[in-house]
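Protein chains: 2
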Amino acid sequence: MSSSATATATWKQLLLNSINSNSHLKHSTYFQLATVGINGRPSNRTVVFRGFQDGTNKIQINTDSRTRKIDDLKHCPFAEVCWYFTETWEQFRIHGKVDMIDASNSDPDKLKQREAAWFAGSVRSRLQYLGPTPGIPSLDEQPSHDSLDPSAGPVDAFCLLLLDPEQVDYLNLKSNERLAFSTRRSFNGEKFWTQYKVNP
Amino acid sequence: MSSSATATATWKQLLLNSINSNSHLKHSTYFQLATVGINGRPSNRTVVFRGFQDGTNKIQINTDSRTRKIDDLKHCPFAEVCWYFTETWEQFRIHGKVDMIDASNSDPDKLKQREAAWFAGSVRSRLQYLGPTPGIPSLDEQPSHDSLDPSAGPVDAFCLLLLDPEQVDYLNLKSNERLAFSTRRSFNGEKFWTQYKVNP
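One line per chain: the protein sequences are V and W, in this order. Residue numbering for the first sequence follows full-length UniProt numbering, starting at 1 and increasing by one per position. Residue numbering for the second sequence follows full-length UniProt numbering, starting at 1 and increasing by one per position.
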């Protein structure tokens, strides 16, 4: 059993490599996000990777605050990403706590991050947050929103999720190698990552 | 709001169409299975679709009974599949209860299903169930299992999962259409499916 500890997250470099090797595929930025509902049962949906928060390991996801995953995360703030790269046959399972940043957030820095995430998306992608409530029965006649002032800031329904990884499980189906990464606290309270090989 | 009720599951035909349209892609039979751990947190991993149980809507998955998903399912028997088809841009979220059929099962019919699932896999894929316990730290020296009697029945670690769908959420990202399917019981206790359009 080989094990090592590092201050920086070595899984992040592995993940950046995978993102890069699979970047010619549109779906390579899609992953599945599992949460736990109020009824204690799992739910699972595809979401889009919006990059890492600057200077951190936190994974950014945009979502509509009217979706069920928000209720789920209010009940249980932990989520697990399953990200399978179809070209390189690699899987990352990323477990962590999710911070929800919506219009009601009281932290000015977080509201700035939310605004930056809003403007990072295309105007077309912003339009969906003006649409009818996702997941509820659809009326035959829907008001349509075909245009939006490109300089207008985030609408109420826009929510930025930040997933802070605690554990990462990496599996390579080509080499049949698997690595487990987890966080520990040092004596001075600093967070560091350990990694070791596990059986696939 | 348009709604309809049928005895047969119309989502199944949609799913069979998607499987067919994406069948040239190896990864089209891979989906993500979310469960809830003993700690109440979600977990999520890629598994392989092994077909429907004959004459039913139940989804077959092979797994190693030494993996954490088995502990998860003993604690909470509900799972949610998220299956994204990369060619046709369709997503199926399939929620249901999971029946675990391992060597200790007392039902002879279920044991027959487990045996059939074992023999349906390649000899090479069966070898992994003879390997060291998945997910635990890997020893540098591992006993290798390079051969297996092709006529030998399932080993202890082989477990067949049967997911019985209760709710299905279908999303088509090309047409931007979304359908919700759910099960009801009729007055005579028979299970039937209803479906309606929901906002994407």
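We put the beta carbon where it would ideally sit given N, CA and C, even for glycine.
Taking Leu148 of chain V as the reference, which of V:Trp118, V:Asn20 and V:Glu177 has the closest Cα? V:Trp118
Under the rule that 16 or more other beta-carbon atoms within 10 Å means buried, what is Val123 of chain W, buried or exposed? exposed
Since I believe Cys82 of chain W is in contact with Gly45 of chain V (beta carbons under 8 Å), could you give me their beta-carbon distance rounded to a whole number of angstroms? The question names Gly, but residue 45 of chain V is Arg in the sequence shown. That pair is a contact at about 6 Å.
Three CB pairs or more closer than 8 Å across the stretch 81-100 of chain W and the stretch 149-157 of chain W: Touching, no.
Since Glu166 of chain W is in the beta strand (DSSP E), which residue starts that stretch and which ends it? Phe158 to Asn172
Can you pull out the residues from the stretch 27-40 of chain V whose beta carbon lies closer than 7 Å to at least one beta carbon of chain W? His27, Tyr30, Gln32, Ala34, Thr35, Val36 and Gly40
Does the distance from the CB of Leu160 of chain W to the CB of Gln32 of chain W come in under 8 Å? no
Residue nearest to Phe49 of chain W in terms of C-alpha spacing, selected from W:Arg41, W:Tyr30 and W:Thr63: W:Tyr30
Flag this pair as touching only if the stretch 93-106 of chain V and the stretch 119-138 of chain V have three or more C-beta atom pairs under 8 Å; answer yes or no. Counting C-beta pairs with one atom in each stretch, the stretch 93-106 of chain V and the stretch 119-138 of chain V have fewer than three that are closer than 8 Å, which means they do not touch.
So Trp64 of chain V is in the beta strand (DSSP E); what residue range does that whole segment cover? Per the sequence shown, residue 64 of chain V should be read as Asp rather than Trp. It spans Ile59 to Asp64 - the beta strand (DSSP E) in which Asp64 of chain V sits, taken as one unbroken run.
Determine whether the Cβ of Val155 of chain W lies closer than 8 Å to any Cβ atom of chain V. no
In whole angstroms, give me the CA-to-CA distance for Tyr170 of chain V and Asn199 of chain V. Rounded to the nearest whole angstrom, the C-alpha separation of Tyr170 of chain V and Asn199 of chain V is 11 Å.
Suppose contacts are defined by Cβ-Cβ distances below 8 Å. Is Thr10 of chain V in contact with Gln195 of chain V by that definition? yes
Could you please give the first and the last residue of the uninterrupted beta strand (DSSP E) stretch that includes Asn17 of chain W? Asn17 of chain W -> not in any beta strand (DSSP E); alpha helix (DSSP H) instead, spanning Thr10 to Ser21.
Below 8 Å between beta carbons: does that hold for residue 232 of chain W and Gln53 of chain W? Here chain W comprises residues numbered 1 to 200, so residue 232 of chain W is not present and cannot be evaluated.
Kindly list, in the order they appear in chain A, the residues whose Cβ is closer than 8 Å to that of Thr46 of chain V. This model lacks chain A altogether, as its protein chains are V and W.
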